[in-house]
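**Q** Heads up: the sequence shown begins at 1 in the working numbering, then just goes up one per residue.
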Amino acid sequence: MEAANANLPQQEEQDHGNGISIEKTTDSSALDAGHGEPVHNYRGWKAMPYVIGNETFEKLGTIGTLSNLLVYLTTVYHMKSVNAATLLNFFTGSCNLATVLGAFVSDTYVGRYTTLAAATIASFVGMVLLTLTAALHSLHPPACILKGQCEGPTPSQLVVLLASFFFLVVGSGGIRPCNLAFGADQFDQHTADGRRGITSFFNWYYFTYTIAMMLSATVIIYLQSDVNWALGLAVPAVLMGLSCAVFFMGTRLYVRISPEGSPFTSFTQVLVASFRKRHLRQTRNTVELFDPPHRSKLVAKLAYTDQFTCLDKAAMQTTEDVVSSDGKTLADPWRLCTMQQVEEVKCLARVIPVWSSGIVYFVVITQLGTYIVFQAEQTDRRISNSVSFKIPEGSFVIFQMLALTIWIPVYDRLVVPALRRFTKREGGITQLQRIGIGLVLSVVTMLVSAAVEHRRRKTAMMSCFWLVPQQLLVGLSEAFTVVGLTEFYYRQFPENMKSVAGALFFLGVAVASFASGLMVALVHRVTRRRDGRPDWLAQDLDEGRVDLFYLVTAAIAAANLVYFVACARWFTFKKSADGAHPSDAIELDVGPNKAACGGHLA
Numbered sequence: 001m002e003a004a005n006a007n008l009p010q011q012e013e014q015d016h017g018n019g020i021s022i023e024k025t026t027d028s029s030a031l032d033a034g035h036g037e038p039v040h041n042y043r044g045w046k047a048m049p050y051v052i053g054n055e056t057f058e059k060l061g062t063i064g065t066l067s068n069l070l071v072y073l074t075t076v077y078h079m080k081s082v083n084a085a086t087l088l089n090f091f092t093g094s095c096n097l098a099t100v101l102g103a104f105v106s107d108t109y110v111g112r113y114t115t116l117a118a119a120t121i122a123s124f125v126g127m128v129l130l131t132l133t134a135a136l137h138s139l140h141p142p143a144c145i146l147k148g149q150c151e152g153p154t155p156s157q158l159v160v161l162l163a164s165f166f167f168l169v170v171g172s173g174g175i176r177p178c179n180l181a182f183g184a185d186q187f188d189q190h191t192a193d194g195r196r197g198i199t200s201f202f203n204w205y206y207f208t209y210t211i212a213m214m215l216s217a218t219v220i221i222y223l224q225s226d227v228n229w230a231l232g233l234a235v236p237a238v239l240m241g242l243s244c245a246v247f248f249m250g251t252r253l254y255v256r257i258s259p260e261g262s263p264f265t266s267f268t269q270v271l272v273a274s275f276r277k278r279h280l281r282q283t284r285n286t287v288e289l290f291d292p293p294h295r296s297k298l299v300a301k302l303a304y305t306d307q308f309t310c311l312d313k314a315a316m317q318t319t320e321d322v323v324s325s326d327g328k329t330l331a332d333p334w335r336l337c338t339m340q341q342v343e344e345v346k347c348l349a350r351v352i353p354v355w356s357s358g359i360v361y362f363v364v365i366t367q368l369g370t371y372i373v374f375q376a377e378q379t380d381r382r383i384s385n386s387v388s389f390k391i392p393e394g395s396f397v398i399f400q401m402l403a404l405t406i407w408i409p410v411y412d413r414l415v416v417p418a419l420r421r422f423t424k425r426e427g428g429i430t431q432l433q434r435i436g437i438g439l440v441l442s443v444v445t446m447l448v449s450a451a452v453e454h455r456r457r458k459t460a461m462m463s464c465f466w467l468v469p470q471q472l473l474v475g476l477s478e479a480f481t482v483v484g485l486t487e488f489y490y491r492q493f494p495e496n497m498k499s500v501a502g503a504l505f506f507l508g509v510a511v512a513s514f515a516s517g518l519m520v521a522l523v524h525r526v527t528r529r530r531d532g533r534p535d536w537l538a539q540d541l542d543e544g545r546v547d548l549f550y551l552v553t554a555a556i557a558a559a560n561l562v563y564f565v566a567c568a569r570w571f572t573f574k575k576s577a578d579g580a581h582p583s584d585a586i587e588l589d590v591g592p593n594k595a596a597c598g599g600h601l602a
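1) Name the two residues that bound the continuous beta strand (DSSP E) containing Arg-382.
2) Taking the straight line between their C-alpha atoms, what separation do you get for Ser-216 and Lys-59?
3) Can you check DSSP and say which residues form a bridge with Ser-463?
4) By the three-class DSSP mapping on this structure, what secondary structure does Ser-262 have?
5) Taking only three categories from DSSP, how would you classify Val-387?
6) Identify whether Gln-149 lies in helix, strand or coil by the three-state DSSP scheme.
7) Between Val-452 and the rest of its own chain, which residues show a CB-CB distance below 7 Å, the 5 nearest in sequence each way excluded?
8) Go through its chain and collect everything with a Cβ distance to Cys-567's Cβ below 8 Å, but skip five positions before and after it.
9) Do you know whose CA, among Thr-481, Asp-193, His-294, Phe-166, lies nearest Phe-90's CA?
10) Measure the C-alpha to C-alpha separation of Asn-68 and Ile-221 and round it to an integer number of angstroms.
11) Cα separation between Thr-379 and Arg-528?
12) CB-CB under 7 Å to Arg-196, same chain, minus the five flanking residues each way: which ones, in chain order?
13) Would you give the residue range spanned by the alpha helix (DSSP H) that Ile-198 belongs to?
14) When you compare the segment 177 to 197 with the segment 511 to 527, are there three or more beta-carbon pairs, one atom per stretch, that lie closer than 8 Å?
15) Out of curiosity, what's the CA-to-CA distance linking Ala-503 and Leu-101?
16) What distance in whole Å lies between the Cβ atoms of Leu-88 and Leu-70, which are believed to be in contact at a cut-off of 8 Å?
17) Name the DSSP bridge partner or partners of Ser-576?
18) Does the distance from the C-beta atom of Ala-475 to that of Arg-434 stay below 7 Å?
19) Per DSSP, what kind of secondary structure is Leu-139 in: helix, strand or coil?
20) Which class does Met-316 belong to by DSSP, given the choice of helix, strand or coil?
21) Please tell me whether Thr-486 and Phe-505 are closer than 7 Å, where the distance is taken between their beta carbons.
22) Identify every run of the beta strand (DSSP E) within the segment 72 to 117, keeping only runs that are complete inside it and at least 3 residues long; order them along the chain.
23) Residues in the same chain with beta-carbon distance under 6 Å from Asn-54, minus the five sequence neighbours each way, listed in chain order, please.
24) Determine whether the beta carbon atoms of Ala-181 and Ser-499 lie at a separation below 7 Å.
25) Look at the alpha carbon of Ala-119 and the alpha carbon of Ala-460, and state the distance between them as a whole number of angstroms.
26) Let me know the secondary structure DSSP gives Leu-537 once reduced to three states.
27) Could you check if Leu-31 is buried or exposed, using at least 16 other CB atoms within 10 Å of its CB as the buried criterion?
28) According to DSSP, is Leu-336 helix, strand or coil?
29) What are the boundary residues of the alpha helix (DSSP H) that includes Thr-405?
30) Can you list, in chain order, the residues of its chain with a C-beta nearer than 6 Å to that of Cys-258? Leave out the 5 residues immediately preceding and following it.
31) State the Cα-Cα distance for the pair Phe-290 and Met-316, rounded to the nearest angstrom.
32) With DSSP as the reference, label Leu-280 as helix, strand or coil.
33) Should Thr-50 and Met-249 be called a contact, given that it needs their Cβ atoms to be closer than 7 Å?
34) Is the separation between the beta-carbon of Thr-208 and that of Thr-62 shorter than 7 Å?
35) Have a look at Phe-493 and Pro-141 and give me their C-alpha separation to the nearest angstrom.
36) Within its chain, find whatever has a CB closer than 6 Å to the CB of Val-128; leave out the 5 residues flanking it on each side and keep chain order.
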């Protein structure tokens, strides 16, 4: 062992001379001589084939299967549609909520690499079990003898099915919040090249993600529904196995950042301490704030911000707070916190308003995704008058995916470099500006959708291709807003909560799903007429007024845009104490806006 260590400096010097940094520790880092501190060897794009490859195969293996599970449960397991829908709603909700637990475990205890490794294996096991339920006759009910005379699943068959769902939930809970953050970990965000690499990674991640969605929504679903369920589930299981293999093949290249303990405990301590000292009225100039030397190797020292100044009270030292000469607190940590802890809580508090605007955005987009299918049903879906083939109602989402797929590489390779020359910003524009453009497009999308639906109502049989522009617009909108939100969460959260940043995105989607259902129910109730005539969202769209529903949704999107702009003007980007910005400053932030809880300390 000692001999091996003795040769380490010599080999490192040789490797660096060739421009290559060889990993010498299990977490892709070397020890800084004389200090014993980890110095990560960031491999950047060298690690991306494994990171993105793992994600692409995982999405190919799961997206098509999950979107087709309702058909599987009703046709193979002979479940009633209500029971199958209830089970799937619970399953989908559990997948989204599990991301919060997965993020907590990752950021607090085991780190993103271990979480992803365990979650990828869990997803593979879940896919194998689900495949067995279709391949083995003993694991699913027999075929129906006559129409309407079908046996339901036995308890043992349900146990195997639910076991597969359990492993898939565990897999989703670990993969969804960690995969983007883990990929971004491979770039050094303290260098200009690293920050540009992170921005480009987010773009290409969603490019491959959309390609996987398109293949899953077509090829995989075709195999399952029209060929054979056993084969249609076996192919995704094999792809999930490839996802595992690709992920572990890149192990020696990965940077693995170790967690430093629960950030949630620290956040709670700040809230409790500030509440306990809420009666203090000293100004910041006349009271000492507890700001000991920063020792964390993971979380950067944050500069002081004068937003949410009521939280500063958690760091006010009183005669009851005893601090040793070396800067370590001997006081109750639930009464005295460091300014670093306070600033980390402020980071989270500043993100929440932007996150809430993202929820409204997803509500708007969800409504269009639902009713585009009903609109397509009542249009002429033939490619031409001489061709009898009709485009399936559910296939119009392909145009949305195509817009996103085509635009992202154009944006990353052409638009961003061009913008960078004018704005002098690494990303061309800031994350908030990118999100704002997507929100503007969401308003335009709903206005176009309302105009198209109004024309459809006036036309006997309108061509389905009138629906394409709104699908292209929503694809462009997602390319700006969804990618922008994801990168924004990653950059603005403290380094010890990157996985939580990923979970926050999916939590917003989950909340938006519930809000979308509530909005539809409310419109049904409010627009229902006493004379018995259909409401706006009638089953037959010709009897309803979906065009008015789209206009209401456009108004909500416009109000959300105004709210977002107000949030963007108020927002202060996270800044380290040494003056370096982990992310771009934003032009919308035009003044020293303050949001003190009850004003400045007085």
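Idealized CB from N, CA, C, for every residue including glycine.
**A** So, from the listed chains and residues:
1) 382 to 384
2) 8 Å
3) Looking at the DSSP assignment, Ser-463 forms a beta bridge with Asp-380.
4) coil
5) strand
6) strand
7) Once the five neighbours on either side are set aside, the close Cβ partners of Val-452 are Trp-466, Leu-467, Gln-470.
8) Pro-353, Val-354, Ser-357
9) Phe-166
10) Whole-angstrom Cα-Cα distance: 7 Å.
11) 25 Å
12) Glu-426
13) 192 to 215 is the span of the alpha helix (DSSP H), which, as asked, contains Ile-198.
14) no
15) 9 Å
16) 6 Å
17) For Ser-576, which the question treats as bridged, DSSP gives the partners Leu-302.
18) Before going further, note that residue 475 is Gly rather than Ala in the sequence given. Cβ atoms of Gly-475 and Arg-434: not closer than 7 Å.
19) helix
20) strand
21) yes
22) none
23) Ser-243, Val-246, Phe-247
24) yes
25) 52 Å
26) Reduced to three states, the DSSP call for Leu-537 is coil.
27) Note that Leu-31 scores a pLDDT of 44, beneath 50, so its modelled location is shaky and nothing firm can be said.
28) coil
29) It spans 397 to 410 - the alpha helix (DSSP H) in which Thr-405 sits, taken as one unbroken run.
30) Note that residue 258 is Ser in the sequence shown here, rather than Cys. Cβ within range, chain order: Gly-111.
31) 6 Å
32) coil
33) Residue identity check: residue 50 is Tyr in the sequence provided, not Thr. For Tyr-50 and Met-249, yes; Cβs fall inside 7 Å.
34) no
35) In a straight line, the C-alpha of Phe-493 is about 48 Å away from that of Pro-141.
36) Ala-237
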